[in-house]
Each structure stands twice: as structure tokens, then as C-alpha cells.
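Undergrad:
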Amino acid sequence: MSDHDHAHQHDHDSHDGDPTAEDFFEPAGWEARYTGEATMWSGEPNPQLVAEAGRLTPGSALDVGCGEGGDVVWLARQGWRVTGADFAAQGLARAARHAEQAGVADRTDWWQVDARRFAADGRLFDLVTTHFLHPPDGGMVEVTRRLAGAVAPGGHLLVVGHAPSAHHTQLTDSHRRAMWEAADLLPGLPEGFEAVVVEQRPRSVERDGQRFDIEDSTLLARRTS
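Note that full-length UniProt numbering has the sequence shown beginning at 1, numbered continuously upward.
1. The alpha helix (DSSP H) spanning threonine 57 covers which residue range?
2. By the 10 Å Cβ neighbour count, where 16 or more other Cβ atoms means buried, how is glutamine 48 classified, buried or exposed?
3. DSSP state of leucine 133, grouped into three classes?
4. Taking all protein chains shown into account, do 16 or more other C-beta atoms lie within 10 angstroms of the C-beta of phenylalanine 212, making it buried, or fewer, making it exposed?
5. With 16 as the cutoff for other CB atoms within 10 Å, does glutamate 215 come out buried or exposed?
6. Secondary structure at alanine 115, three-state DSSP: helix, strand or coil?
7. Cβ atoms of threonine 108 and arginine 146: under 9 Å apart, would you say?
8. Any idea if valine 72 is buried or exposed, counting beta-carbon neighbours within 10 angstroms, 16 or more meaning buried?
9. Taking Cβ positions, are glycine 67 and alanine 99 nearer each other than 9 Å?
10. Expressed to the nearest angstrom, what Euclidean distance is found between the alpha-carbon atoms of aspartate 137 and glycine 69?
Structure, rendered in C-alpha cells:
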């Protein structure tokens with residue numbers, strides 16, 4: 001379940017299409033969603049990325065589950081050299097168009113990969129980030145371990161997701177079970193990493209004319225060796 005950059009209108013966890021479809025966790029479902037003409041998400045950067053990456057010196061960045069590329073564009077505008085990765089080719093095509101329109105195409109490149117089978121293969125980045133990636137069956141711990149393998153010494157890993165909440169009524173039980181709290185991911189950090197931020201951050205969202213608070217599970221870790 002990839003939900004990175006998925007800030008649609010007022011609510012970062014809103015979804016176009018059928019949110020109960022079981023293909024929500026698989027590439028084919030997202031390829032179909034991205035085939036149409038309508039923009040699915042707001043294009044605004046995710047707030048925890050702005051809060052944390054805004055404190056770092058720009059270098060190389062990898063954004064896994066980049067969707068339509070809102071976070072990639074924001075990072076590139078801050079001076080980062082950014083690789084946007086997603087398992088949906090149509091999403092990457094949209095992201096590349098948005099980078100071109102934003103005038104940052106020369107600071108971006110693209111990588112089609114499924115985070116559940118991600119392997120750095122020697123590619124290292126100063127910042128590895130993913131937002132609202134929710135693989136089923138507790139798979140985010142393993143994804144965290146895989147993403148950590150792409151962090152350069154001295155670099156950072158930022159993983160943000162939806163905490164379980166009674167407000168996520170539009171989702172199926174399987175989707176709710178895929179949510180996690182920041183501390184749940186600590187077993188995925190390899191040796192040589194120190195946790196810098198492990199917390200639930202409240203965020204106000206609007207759905208169907210009502211405002212309420214949800215929490216962004218936020219894990220920031222630094223590779224020390």
C-alpha cells in the first residue's frame with residue numbers, strides 16, 4: 001500500500017478510486033489509478049518531510065513511494081539531488097512531468113522498484129525518505145531495514161506513516177492493520193543507526209466537512225557508521 005505524496009486536497013490519507021480494493025497493495029492497482037488524466041494528490045510536500053529535511057544540508061536524496069512526485073519536487077527546490085522511486089511506472093511518469101513543469105528535471109531521476117523487494121545495490125544517499133508506505137502484514141519493519149541499506153554514513157532515514165486511528169473509517173480492516181506507530185519500526189534499524197526522532201505527531205485533517213486530528217508516525221534515524 002503506497003501512499004507517499006498522497007495529500008489529496010485537505011487530507012493526506014484520502015484516496016481516489018475504490019479504497020477497499022485489494023489491489024491497493026499491488027502495482028497493478030496503482031498503474032490503473034494513475035492512467036487517467038485527473039491529478040490524484042495535492043502536490044504539496046508532506047509536513048514531516050518539510051520539518052525534518054528542512055534542517056539538513058542538501059545532498060543526495062531517495063524518495064521511495066514517490067507517487068506523483070510532490071516531495072521530490074520540494075526536495076529538488078531546496079537544493080537536493082533527488083531520485084524518486086515507486087513501483088508504478090505511470091506514477092513515475094507523472095512525477096517526471098511535474099518535475100519538468102517545476103523546472104527541476106535536471107536535479108531528479110527515477111527508479112521503478114517495489115519497496116518490499118528494494119535493494120540498494122551499492123547506491124547510497126544522504127537522505128532516504130518514505131511517506132505513507134503501508135505494506136500489508138507488518139511488512140514495514142522489513143522495508144525499513146531495506147531502506148536503511150541505502151543511507152550513506154552520516155546520512156538520515158526518515159520514515160513517516162499513518163498511526164492506527166478510529167478516524168480511518170474509509171479503509172478496510174486489512175488497510176488499518178497495515179498502519180503502524182514509529183516505535184514499531186525500531187527493530188528494522190540495523191547496527192550503526194541511532195534513532196533521532198521516534199514519535200507520533202498530531203496533524204489536523206478535513207474529511208466530509210469535518211476536521212479532526214490524526215497522527216503521523218515519525219521515525220528519523222541517523223547512520224553513525
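No residue lacks a Cβ here, since even glycine has one placed at the ideal position from N, Cα and C.
TA: Short version:
1. Within the sequence shown, residue 57 is the residue found at index 57, counting from 1. Segment: none, threonine 57 is in no alpha helix (DSSP H) and carries neither H nor E.
2. Here residue 48 corresponds to residue number 48 of the sequence shown, with the count starting at 1. By the neighbour-count rule (16 or more Cβ atoms within 10 Å), glutamine 48 is buried.
3. Your numbering for residue 133 matches position 133 in the sequence shown. In the structure shown, leucine 133 sits in a strand (DSSP, three-state: E or B).
4. On the sequence shown, position 212 is the one that residue 212 refers to. Under this definition phenylalanine 212 is an exposed residue.
5. Taking the sequence shown and counting its residues from 1, one reaches residue 215 at position 215. So glutamate 215 counts as buried.
6. Position 115 of the sequence shown, counting from 1, holds the residue named residue 115. Reduced to three states, the DSSP call for alanine 115 is helix.
7. In the sequence shown, residue 146 corresponds to position 146, counting from 1. In the sequence shown, residue 108 corresponds to position 108, counting from 1. Result no, Cβ atoms of arginine 146 and threonine 108 do not sit closer than 9 Å.
8. As a first step, residue 72 must be located in the sequence shown, where it is residue number 72. Per the 10 Å Cβ criterion, buried.
9. Position 67 of the sequence shown, counting from 1, holds the residue named residue 67. Position 99 of the sequence shown, counting from 1, holds the residue named residue 99. Not in contact: glycine 67 and alanine 99 (Cβ atoms no closer than 9 Å).
10. Here the question's residue 137 lines up with position 137 in the sequence shown. Here the question's residue 69 lines up with position 69 in the sequence shown. Answer to the nearest angstrom: the Cα atoms are 26 Å apart.
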